[in-house]
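Residue numbers (the UniProt record's numbering): 1 to 61.
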């Protein structure tokens, strides 16, 4: 999380000609990146659960 906050600080500090990122856009980007990470973690957990189930079916342990 601190990495994301650090990146926001960089965006706030940088001033490109005519380019500025509003706080709303920054918050939306953070929320979407966190949602994406949660989805990836959920998929990995589901795959691991399937792997355990198949292992139990094959080896009966």
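Cβ coordinates follow ideal geometry from the N, Cα and C atoms, glycine included.
Just so it is clear, the structure is predicted and the values come from calculations on it, not from any experiment.
* Kindly indicate which three-state DSSP category residue 60 falls into: helix, strand or coil? => coil
* To do: Whole angstroms is fine: what's the gap from residue 55's alpha carbon to residue 41's?
  => 21 Å
* Secondary structure, beta strand (DSSP E): runs of 3+ residues fully inside the segment 20-57 -> none
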